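**Q** If you scroll down you'll find the structure; I have some questions about it.
In this note's numbering, the protein residues as written are 848 to 990.
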């Protein structure tokens, strides 16, 4: 094999690996119930919500977070907002449930199921693969 070509293989791997993570990150949209008082959250607030460190909205109402079972979307969310791989986040959840006593978060297979649950559950927040094309939930702006 050409040694000149071999020198570019690591560069191509890094480039395409970066592009894959960038594309996955853009496929994740945070949505919440329309009654949630906040219109935007920081990445740290999102992390705190999905790791049980922030349990109430600014008006004192309870936060309920839901997960997406779609591996690509869950992996994008985990990496972008939690700084973990999907597997690390799943292990974190198991630890929180079995050791710390938190409730298992509901999880859904499709964007539509997440939207439906979030739209009818007061104080709920979740993530989906693309901007919702419905007025039933509100997309959360990220500060």
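Even for Gly, the Cβ is constructed at its ideal location relative to N, Cα and C. The structure presented is a predicted model; accordingly, all values stated were derived computationally and were not measured.
Please name the residue, chosen from 897, 886, 924 and 960, that lies closest to residue 943 on a Cα-to-Cα basis.
**A** 897
**Q** Could you check if residue 887 is buried or exposed, using at least 16 other CB atoms within 10 Å of its CB as the buried criterion?
**A** exposed
**Q** Going by the CB atoms, is the gap between residue 954 and residue 913 shorter than 8 Å?
**A** yes
**Q** Among residues of its own chain, excluding the 5 on either side of residue 936, which ones have a beta-carbon nearer than 7 Å to its beta-carbon?
**A** For residue 936, where only same-chain residues beyond five positions count, the Cβ hits under 7 Å are 925 and 929.
**Q** What are the start and end residues of each continuous alpha helix (DSSP H) run of 4 or more residues lying completely inside the stretch 865–931, in chain order?
**A** 890–897 and 918–924
**Q** Measuring alpha carbon to alpha carbon, tell me which residue in 956, 960 and 941 is nearest residue 950.
**A** 941
**Q** Rank 962, 938, 933 and 945 by C-alpha distance to the C-alpha of residue 973 and give the top, closest one.
**A** 962
**Q** Given this structure, state the Cα-to-Cα distance separating residue 882 from residue 970, to the nearest angstrom.
**A** 7 Å
**Q** In chain order, what residues of the same chain lie with their CB nearer than 7 Å to the CB of residue 981, ignoring the 5 residues before and after it?
**A** Contacts found: 962.
**Q** For a test of the three-state rule: what should DSSP assign to residue 985, helix, strand or coil?
**A** Three-state DSSP puts residue 985 in a strand.
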